[in-house]
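Each remark here refers to the structure printed beneath this line.
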Amino acid sequence: METDTIAAVATAMASSGIGIIRISGQDAVQIADQVFCSKGKKALKDCESHTIHYGWITDHGGVVDEVLVMLMKAPNSYTREDTVEIDCHGGVLVMQKILETVIRHGARPAEPGEFTKRAFLNGRMDLTQAEAVIDLINSKNDFAWKSAVHQLQGVVLEKIRSLREKLIHETAWIESAVDDPEHYDLDGYGEHLAGVVKEIKGEIQHLLERSDQGRVLKEGIHTVIVGKPNVGKSSLLNVLVGSQRAIVTDIAGTTRDVLEEQVNLNGIQLNIIDTAGIRDTDDLVEKIGVDKAKEYLEAADLVLYVIDGSRSLSEEDEDIAELIQGKKVIVLINKSDLEQQAELGQVENLSEHVIAISAKDGDGIEALTDKIRELFLQGGVSFNDEVIITNIRHKNALMLALESLELVEQSIEDGMPEDFYTLDLMNAYEVLGKIIGESVEDDLADEIFSKFCMGK
Ligand code: GDP
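In terms of numbering that gives the first Met the number 0, the sequence shown has 244 at position 245, counting the first letter as 1, and numbering is strictly consecutive.
Here it is, written out as C-alpha cells:
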C-alpha cells in the first residue's frame, strides 16, 4: 500500500474562475506548510481539521499566487489521508506553477484516478462507489447522472452484500453440519437450499434483465438510421439534432461517410448514426460507408428505417428490410406532406412500430419520441426502490454467479453430498465479491482507475 504524498491539479486545465490543486498523503500538511504563508497565523499542522486559510503560495521567496487553503486531516477526507486543497486563480500557468512548487517540496505527481483509488484502498468506498464517481463525472443525461448518484450512495454495494450474506450463511451452515453432525440435521436440507438458491437466482436474474436497459439509458441508445438514398435520412437527423449538421442534398448517395450525433429526447439520449445508404455500389468511398453501416447495424439498439412514402417501394427497400430483420426497428414513412404512393404491406411485416413523419415539417417527431420512450422505458425507471446495474463489469460477474448457482441446483438434483454445494456457493460468493472490490486483482483495479481524470 502506497503512502507517499501525491498532488495534482483537480480542476480542468483551462482558464477558469478558480483552480484547485489537491495534495494527499502523510506529508500533505507539512508540504503545504512549506509553500503556504499566511501573515501572523499558525502553521497548518497546528490548525483544526476542516478549516479554510487565506494567504499566499510562495517559492524561493517570491509570490506565486493568492490562495485559500482547505485543510482536511485524516481520516475525514476523500482519500482518508491528510489532504490539503489549494484554491487558486484558475489560470493554466498559475495552476502549473503551484503544482510544480508542491512537487518540488516533496509530493509526487498523482496518476489519473489515484485519489479515488486511495479512497477505495483505504476503505472509504467500495469499487462500485469508486466506479460511480467516474460515471457521475462522465454522465451526459439524467438517467446516467441519477444512477451514478445512487450507486455512489451505495445501493449496488448493499444489494451485492445482501446476496453474499445469504450465500455465506448457507455455506457456514453446511460446514458446521458436516463438522458436527450430532447437533445439525442435514435431512431435507437440499430442499431448503434449493429454495434459497432459487430466490437468489431470481434476484440476480432481475438485476440482469434491467441491466441492458440501464446500460442503454446510461450510454445512450445506439441508433442507426437506414434507408435508400433520398428518402430523407439526413433531413430526419437534422430535425432530431435541431441544427443543419448533416448536409442535405438531392443527389443520391451524397452522405458518404457515417455521421454520429448525440441527441437528447426528453432525457433519453440517442447516439444516432446516419449511414451512406445501404445498397450495392462500385464507388469505393461509398463502399467504406456501406461496410461501416453494416457494422453499426450489428451493434445497434434501435434502427430507424426510413422510407419515402411519396414513391413506390423498390427492391432496395426490400434488401434493407432483410438486413435489419430481428433488430428493434421503427419504420418511419417520411414525406407525409406529399401525396402518398408507397405500398406499405411489406414494411408492416417488418415492425409493429410504423410512424408517418415529415422530416420537412417536423410532423410525427413527437410520436417518434413517445415510441422510443415506450420501447426503452417499459414500466419507467424508478430510482426509489430499484437497483439498476449499468456497468458491464458488474453484469458479467452477475452472470458468472448465476452459473455457479445453477451448478448448486444441479448438485442438489443429482443428490450429491452436501459439502459439494459449498464449492459452487463459494464461487458465487467470490465473483459477487469482485463487483464490490473484495479480492480484486491489482491489474483490474489499475485498469478501472486509469480511466479516471487527473486529480480525481
Ligand atoms: P437521404 O439521402 O436519405 O439522406 O435524404 P435527404 O435527407 O438528403 O433528403 C432527400 C431530399 O428529400 C431532399 O431534397 C429533402 O429536402 C427531401 N425531403 C426530406 N424529407 C422530406 C419530407 O418530409 N418532405 C418533403 N417534401 N421532402 C423531404
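Think of the CB as a built atom: it goes at the ideal place given N, C-alpha and C, for glycine as much as any other residue.
**OP:** Check whether the Cβ of S357 lies closer than 7 Å to any heavy atom of ligand 1, and answer yes or no.
**Re:** yes
Subject >> Distance cut-off 7 Å: G226 Cβ against heavy atoms of ligand 1 >> reply: yes
Subject >> Cβ-based burial, A27 [other Cβ within 10 Å; buried from 16] >> reply: buried
Original post:
Which residue from K326, K41 and E169 puts its Cα closest to that of V225?
Top reply: K326
Original post:
Is it buried or exposed for V284, if we count other Cβ within 10 angstroms and need 16 for buried?
Top reply: Model confidence at V284 stands at a pLDDT of 48, short of 50, so the residue's coordinates are unreliable; what they give is reported in the following sentence. It is exposed - the Cβ of V284 has fewer than 16 other Cβ atoms within 10 Å.
Original post:
Candidates K38, D32 and K433: which alpha carbon is nearest K44's?
Top reply: D32
Original post:
Leaving out five residues before and five after K450 in sequence, what residues of the same chain have Cβ atoms less than 8 Å from its Cβ?
Top reply: P111, G112 and I133
Original post:
Should R103 go down as buried or exposed, given a rule of 16 or more other Cβ atoms within 10 Å for buried?
Top reply: exposed
**OP:** Report yes or no: do the segment 142-155 and the segment 383-399 share at least 3 C-beta pairs separated by less than 8 Å?
**Re:** yes
Subject >> N- and C-terminal bounds of the beta strand (DSSP E) containing V305 >> reply: L301 to D307
Subject >> Terminal residues of the alpha helix (DSSP H) in which V169 lies >> reply: For the record, residue 169 in the displayed sequence is Glu; it is not Val. Element bounds for E169: V154 to D178.
**OP:** Give the DSSP bridge partners of R21, in chain order.
**Re:** A7 and E84
Original post:
So M323 is in the alpha helix (DSSP H); what residue range does that whole segment cover?
Top reply: The question names Met, yet the displayed sequence has Ile at residue 323. First-last for I323: undefined, no H or E at that position.
Original post:
Looking only at its own chain, which residues have a Cβ that is under 7 Å from the Cβ of G363, when we skip the five neighbours before and after it?
Top reply: S335, I354, A355, I356 and S357
Original post:
Say the cut is 7 Å; is the CB of G153 nearer than that to a heavy atom of ligand 1?
Top reply: no
Original post:
How about D86 and M71: do their beta carbons lie closer than 8 Å?
Top reply: no
**OP:** Would you mind listing the alpha helix (DSSP H) stretches within the segment 16-65 that are 4+ residues and don't spill past its ends, in chain order?
**Re:** 27-34
**OP:** Give a yes or no on whether the C-beta atoms belonging to T2 and Q29 are separated by under 8 Å.
**Re:** no
Subject >> Local conformation of T222 per DSSP, three classes >> reply: strand
**OP:** Can you tell me which of D360, I267 and V262 puts its alpha carbon nearest to the alpha carbon of E373?
**Re:** I267
Original post:
Among the residues of its own chain, which have a CB less than 7 Å from the CB of L206, if the five just before and after it don't count?
Top reply: V386, I388 and L397
Original post:
Using DSSP with H/G/I as helix, E/B as strand and the rest coil, what is I277?
Top reply: Any reading at I277 needs caution, since the residue's pLDDT is 48, under 50, leaving its predicted position unreliable; the model's value is listed next. The answer is coil: DSSP assigns I277 none of H, G, I, E or B.
**OP:** Assign I17 to buried or exposed, taking buried as 16 or more other Cβ atoms, counted over all protein chains shown, within 10 Å of its Cβ.
**Re:** exposed
Subject >> Beta-bridge partners of D125, as assigned by DSSP >> reply: Partner(s): none; D125 has no beta bridge.
Subject >> Cα-Cα separation between V155 and S313, rounded to whole angstroms >> reply: 51 Å
Original post:
Just how far apart, CA to CA, sit D423 and G201?
Top reply: 17 Å
**OP:** Determine the direct distance from the alpha carbon of Y304 to that of I319, and round the result to whole angstroms.
**Re:** 8 Å
**OP:** Consider the C-beta atom of G241 and the heavy atoms of ligand 1; say whether any pair is separated by less than 7 Å.
**Re:** no
Original post:
In whole angstroms, what is the alpha-carbon distance linking F448 and A73?
Top reply: 22 Å
Subject >> Cβ shell of L301 (< 6 Å), same chain only, five flanking positions each side left out >> reply: I220, T222 and K327
Original post:
To which residues of the same chain is I20 closer than 6 Å at the C-beta, ignoring the five residues directly before and after it?
Top reply: V8, I85, I97 and L98
Original post:
Taking 7 Å as the line, does the beta carbon of V230 fall inside it for any heavy atom of ligand 1?
Top reply: yes
Original post:
Is I234 near ligand 1, going by C-beta to nearest heavy atom under 7 Å?
Top reply: This sequence places Ser at residue 234; Ile is not what is there. At least one heavy atom of ligand 1 is nearer than 7 Å to the Cβ of S234, so yes.
Subject >> F114 vs S23 beta-carbon contact at 8 Å >> reply: yes
**OP:** Check whether the Cβ of N137 sits closer than 7 Å to any heavy atom of ligand 1, and report yes or no.
**Re:** no
Original post:
Sorry if obvious, but does the Cβ on D125 come closer than 7 Å to a heavy atom of ligand 1?
Top reply: no
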